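The next block holds one structure in the form of structure tokens; read it before the comments.
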Amino acid sequence: MRIQIIILILIANFAFGQEKVTIDKDIVKYEIKDEFNRFDNIANELKSYKSLDIESNDKSNIKILNRYSTGFTGHTISIIIDKKLNVVKANYEYWTDVAEIGTEYKVDSIDLKLNQNPFEKINGLRGQYTMQVKKVSLDGELLEKIIFKGKFKTFKGIDKSSSDYLWALKQNKVFYGITNENGVYLRPDKMPSLKSDHKILTEKIKKIQGYKPEKIRAFVIINEKGKIEKEPFRFFGEFRKLNNETQKQVKELLIEFTEWYPACVNEKEVKSQIPIVIGIK
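My numbering applies: residue 33 is where the sequence shown begins, and numbers increase by one.
Structure below.
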């Protein structure tokens with residue numbers, strides 16, 4: 033009977049891929065760009081879901097859930113650890129908007145590191161992991177070997193003015209296509225609109241010597257104060273063909289003699305980029 037029990041335990045451990053969690057207080061910082069996919073609970077301020085959830089239904093297990101979605105593809109990774117810091121279960125799912133029937137993903141192994149014991153403290157928890165995954169057909173045929181690297185951090189309770197929080201918030205905005213790397217909003221709730229009278233502007237442009245098209249066309253950045261920023265600034269269309277001196281003069285006039293109602297996100301003024309077209313005839 034003793035031999036049978038030992039065999040059953042070994043089979044169970046193998047089946048669940050049970051491995052020990054490493055506690056490393058000096059684990060690599062979350063707020064750097066590296067090969068690890070990032071998951072945190074700041075995303076819920078930008079999207080309707082959180083990319084990190086930490087669930088503790090009882091005192092014996094903790095479930096770490098990492099999710100990512102572009103709308104066309106996505107990952108769902110779940111890791112369950114017990115009070116002895118064993119990985120009880122690990123799942124990996126990858127999906128696309130085109131259903132893939134007849135395949136499944138199996139986690140072969142996971143190397144999970146945490147900066148602290150989550151059963152003692154959740155706030156400030158961060159971790160990283162490397163998963164060895166097999167994609168197999170329903171009859172067990174190996175289709176693909178996958179190595180997935182992820183890292184996560186909970187920002188619950190953190191000072192929202194801290195550099196760590198602001199870094200992650202900025203990266204999430206870029207990742208989800210909300211802003212570019214310079215903090216310019218790409219799809220604000222409310223687009224900017226011209227506030228000032230353009231007649232003064234057009235009269236001054238008319239006084240510039242040389243040929244000028246009937247319309248000014250340019251891509252500009254409107255800042256939070258409703259002013260056009262000097263850079264980046266790009267003319268397009270016929271106006272782009274004019275000499276540099278004429279372009280410089282018109283650019284200076286646009287910056288000086290136009291005021292805008294800035295773009296808004298959640299009723300807050302933000303920086304945005306728009307194409308502008310102003311007639312001068």
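Note that the Cβ used here is the ideal one computed from N, Cα and C, for glycine as well. Predicted, not measured: the structure shown is a model, and the values here were computed from it.
Residue burial is scored here from C-beta neighbours: Leu146 has at least 16 other C-beta atoms within 10 angstroms and is therefore classed as buried.
Contact between Ile287 and Lys262 holds, since their C-beta atoms are separated by about 7 Å, short of 8 Å. When C-alpha distances from Lys116 are compared across Arg99, Leu170, Ile74 and Val53, the shortest belongs to Val53.
Pairing Ile112 with Tyr100, the inter-Cα distance amounts to about 18 Å. Bridge partners of Asn204 according to DSSP: none are assigned. Here Thr290 carries a coil assignment [DSSP, helix/strand/coil].
Within the DSSP bridge table, the entry for Trp127 names Gly106 as partners. Val120 is positioned such that its CB atom lies no closer than 7 Å to that of Val139. Asp66 counts as exposed, since fewer than 16 other beta carbons sit within 10 angstroms of its beta carbon. When the alpha-carbon of Val60 is set against those of Tyr197, Lys244, Ile260 and Gly182, the nearest one is in Gly182.
In this structure, the straight-line span from the alpha carbon of Lys188 to that of Gly156 is close to 8 Å. Closest by C-alpha distance to Pro307, out of Lys202, Leu97 and Phe268, is Phe268. Residue environment analysis places Asn298 among the exposed positions, since fewer than 16 neighbouring C-beta atoms fall within 10 angstroms of its C-beta. Distance from the CA atom of Phe104 to the CA atom of Val206, rounded to whole angstroms, is 18 Å. Take the alpha-carbon of Ala250 and the one of Val309: they are about 7 Å apart.
Thr234: member of the alpha helix (DSSP H) spanning Lys231 to Lys238, first to last residue. Here Thr211 carries a strand assignment [DSSP, helix/strand/coil]. Ile178: member of the beta strand (DSSP E) spanning Leu174 to Lys185, first to last residue.
Straight-line spacing of the CA atoms in Lys95 and Trp127 works out to 21 Å. Collapsing the DSSP output to three states places Lys273 in a helix.
Of the residues assessed, Thr135 falls on the exposed side of the cut-off, its CB having fewer than 16 other CB atoms within 10 angstroms. Per DSSP, Ser88 has no beta-bridge partner at all. With contact defined as three or more Cβ pairs closer than 8 Å, the segment 210 to 217 and the segment 227 to 240 are not in contact. For Phe251, the enclosing beta strand (DSSP E) has its first and last residue at Lys247 to Ile254.
In the DSSP assignment, Met163 is bridged to Ile142 and Phe180.
With 16 or more other Cβ atoms from the protein chains shown falling within 10 Å of its own Cβ, Pro220 counts as buried. With fewer than 16 other Cβ atoms inside 10 Å of its own Cβ, Ile64 counts as exposed.
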